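Take a look at the structure below.
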DNA sequence: TGACTCTACGCAAACGTATGCTATAATTCG
DNA sequence: CGAATTATAGCATACGTTTGCGTAGAGTCA
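Protein chains in written order, with our numbering: chain A, 1 to 388; chain B, 1001 to 1388.
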């Protein structure tokens, strides 16, 4: 309306002004509008645009100016360039997620939940794959590359990740770890309460009459170590037999559970219940049992841990412990943002969230002849050749 | 050591110079070294450091200088700040991944593979969750936020994603879509060859004697539409009966397959083979069948699609079509990088990769009395009340 | 009317890199 | 031996923001 607004450039930095006013006329097509474009069209300075757009309440602008800038910005579809913003303001609004294996459905569900919640908080997730880094050098460089993130979440135990953690800390980046067995001092860790979960699960199995329990671990990861410890403690507390051959360590996936169960079934002295360190392992174990013609849960009970969606659709549906993914994500993100904002780890650096026992059909009463010594299922075909 | 270094700020541009030389002495602890720090210690200019570090072969530097700079850089653990680099060079080395549902194991495996390969190419993935955006406005702003990425990969069909795609294109970003049924003209699409896959699968089922086939879809996504079309075409080509009640559309997950199979089993006229649009659906269908006491594959055959890892560990192990995740990722990434580098989509904007039929134990010969009209399994308990 | 206080905004300096242009010394060439 | 060429490296600027500081103009008060 008022042509007067288009005051000609001022003396000194005339060149720049002119540059600006020429840009005002037509922004380079194809690339997004900048604050200067908005400033030119609104007849204000670029810094004013920045201040108004960032909603800085400590600065006062006339309602007229504010309206005008906002309107132009909306028309141009302007939004601040996050890169430039990050360079100046040190905040990228990016959170690094370092994870061992996304293919694990439990981690996939966790990533999904975290990323949804992060978005609601205005953050994006960038993926770091630990799996892809065989040696330390690569892993280090990877961590270096994540340094354009405001903070990092490490999911699960990575083997030999001390170095990675130290790097992140050295870079002054906020760090929260999740789903790792033993918390390191000074590092914030959010995890499921493995103790409570295993306790509930084992009591359920015990109440069904089982006393001959096997445990299938999936590698030496911290969470699995803890669950194993709880398992052994429970055996001890209840004065159940402890057979080293019933403690099997395989890989952390279906095939690991499958192999482990085959070993278990091949033994002369069989357990009546098999506690798998997680759902995937349980799934493999179940497959091995069914394939060998062993009925579940009539002849042997199987349990999982994590509570991934598809455990409902195994046959029989798996008894498991459901991790409170939602709550864990919420807490981890809240604490991470606090750290990013300058907060400190504080005294309580280990936060445990209680899981929920989900009883389904893979667990049942202990079979009758279970007390016969030396293996209750000597009649099983698969075992005949082992008996001699 | 030298207190002299702590000089108070100077007036004009001398301050900058002095600032630089003071920085040379000791970098601010806690934050990473910059090219200037390296330059100071190596006695060269920042631009020289930049050029040597970026390995620009068109610039010649003496071997002495190059060695010295490299050495200092290594000692300081310097690596260029990606943010600053991105601001200047327009390359963030970040690839956006927009995906409907990471919890789907197939997509999880795909994401895993893509992210591993991307890392090898020097790129990181940032996650965009379509699932978390119920309305268009949010989705738009999401896409805007991804603009600090060099390129975008869209995985699977998002409902109403025309807008999102247009936004990405408007932003001049490279775009490759994967796993979507119908390719849009001008947009590069990498997908499995659904035609070949369905053909192989259906021929396998036909060769087992089946002619009464059902299809379970999981929503109206493009890939599913294509598979459904192939299914119907096959029925037509082979002059098999087509019963609309055998074409079921449920949700794209285990529960969808479960519900669908329940509907199928409740019908007086049952199919002898059920073709599920993907593995998850097949898994649910299998669970429903087993729960209803229907033996698989003796009484009914079930097939999946995708070839996710855990299909091997269902009981019975699932016959399915394995998508060539590795090849698809490789191609998609290669084309995306080409696009980022300034290449054009070209004529062939749809790239199809041939999948592999995986025959396992969920498919078997058609049951004997299959030719009795009006339902071959009238003896099934579950069906008694439907017969009247 | 001058000093002073607000209000409302602009100026310009970072942030750390890449890069076009320029400057110097060494070398070659006519 | 002067001039042209080459090898080597520095200067200065741009990228698009945020933000400390400065200031013009309007109003207030003595």
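The C-beta atom is built at its ideal place from N, Cα and C for all residues, glycine as well.
Everything numeric in this text was worked out from a predicted model, so none of it was measured.
Residue interval of the beta strand (DSSP E) (run including residue i)
i                      : result
residue 195 (chain A)  : Counting along the chain, residue 195 (chain A) falls outside any beta strand (DSSP E), though it belongs to the alpha helix (DSSP H) covering 194–207.
residue 1303 (chain B) : 1301–1303
residue 1353 (chain B) : 1350–1353
residue 151 (chain A)  : 151–155
residue 1118 (chain B) : Where residue 1118 (chain B) is concerned, there is no enclosing beta strand (DSSP E), although the alpha helix (DSSP H) it sits in stretches over 1105–1120.
residue 360 (chain A)  : Element bounds for residue 360 (chain A): n/a, residue is neither H nor E.
residue 1250 (chain B) : 1247–1250
residue 320 (chain A)  : 320–322
residue 95 (chain A)   : 94–99
Chain-order list of residues whose beta-carbon lies under 6 Å from that of residue i (same chain, five-residue window excluded)
i                      : result
residue 96 (chain A)   : 126, 128, 146, 149, 152
residue 1339 (chain B) : 1174
residue 1250 (chain B) : 1256, 1259, 1260
residue 400 (chain A)  : Residue 400 (chain A) is absent from the model: chain A starts at 1 and stops at 388.
residue 1362 (chain B) : 1296, 1297, 1302, 1316, 1318, 1319
residue 1110 (chain B) : 1325
residue 78 (chain A)   : 33, 38
residue 335 (chain A)  : 176, 188
residue 1365 (chain B) : 1208, 1209
residue 59 (chain A)   : 51
residue 1200 (chain B) : 1357
N-terminal and C-terminal residue of the alpha helix (DSSP H) that residue i is part of
i                      : result
residue 1291 (chain B) : 1279–1291
residue 48 (chain A)   : 46–53
residue 230 (chain A)  : 222–237
residue 1072 (chain B) : 1063–1076
Cutoff 7 Å; reference residue i; Cβ partners in own chain excluding five residues on either side
i                     : result
residue 225 (chain A) : 181
Minimum Cβ-Cβ distance from residue i to chain A less than 8 Å
i                      : result
residue 1091 (chain B) : no
residue 1175 (chain B) : no
residue 1389 (chain B) : The requested residue 1389 (chain B) is not part of the displayed model; chain B covers only 1001 to 1388.
residue 1116 (chain B) : yes
residue 1014 (chain B) : A caution first: residue 1014 (chain B) carries a pLDDT of 33, below 50, which makes its placement in the model too unreliable to give a value.
residue 1027 (chain B) : Caution is warranted here: a pLDDT of 43 is assigned to residue 1027 (chain B), below 50, making its placement in the model unreliable, and the coordinate value is therefore given only provisionally. No, no contact with chain A.
residue 1094 (chain B) : yes
residue 1325 (chain B) : no
residue 1023 (chain B) : Low confidence applies here, because residue 1023 (chain B) scores a pLDDT of 37, under 50, leaving its location unreliable; read the following figure in that light. No, its Cβ sits nowhere closer than 8 Å to a Cβ of chain A.
residue 1129 (chain B) : yes
residue 1227 (chain B) : no
residue 1102 (chain B) : yes
residue 1368 (chain B) : no
Any C-beta of chain B under 8 Å from that of residue i
i                     : result
residue 73 (chain A)  : no
residue 108 (chain A) : yes
residue 309 (chain A) : yes
residue 315 (chain A) : yes
residue 124 (chain A) : yes
residue 86 (chain A)  : yes
residue 105 (chain A) : yes
residue 112 (chain A) : yes
residue 119 (chain A) : yes
residue 148 (chain A) : yes
Test item: CB-CB of residue i and residue j under 8 Å
i                      : j                      : result
residue 1213 (chain B) : residue 1164 (chain B) : no
residue 1281 (chain B) : residue 1218 (chain B) : yes
residue 1329 (chain B) : residue 1075 (chain B) : no
residue 267 (chain A)  : residue 288 (chain A)  : no
residue 1092 (chain B) : residue 1086 (chain B) : yes
residue 161 (chain A)  : residue 222 (chain A)  : no
residue 265 (chain A)  : residue 294 (chain A)  : yes
residue 231 (chain A)  : residue 198 (chain A)  : yes
residue 1178 (chain B) : residue 254 (chain A)  : no
Cβ neighbours of residue i in the same chain (closer than 8 Å, five flanking residues each side left out)
i                      : result
residue 1290 (chain B) : 1296
residue 360 (chain A)  : 311, 312, 316, 317, 318, 319, 320
residue 368 (chain A)  : none
Check: residue i C-beta below 7 Å from any heavy atom of the ligand ZN
i                    : result
residue 52 (chain A) : The ligand ZN is absent from the structure shown, which contains no ligands of any kind.
Could you list the residues in the region 275–301 of chain A with a C-beta less than 8 Å from some C-beta on chain B, going in chain order? Result list: 280, 283, 284, 286, 287, 290, 291.
Residues of the region 241–265 of chain A whose Cβ lies closer than 7 Å to any Cβ of chain B, in chain order: 254, 258
Members of the region 1187–1211 of chain B that neighbour chain A once the beta carbon cut-off is set at 7 Å: none
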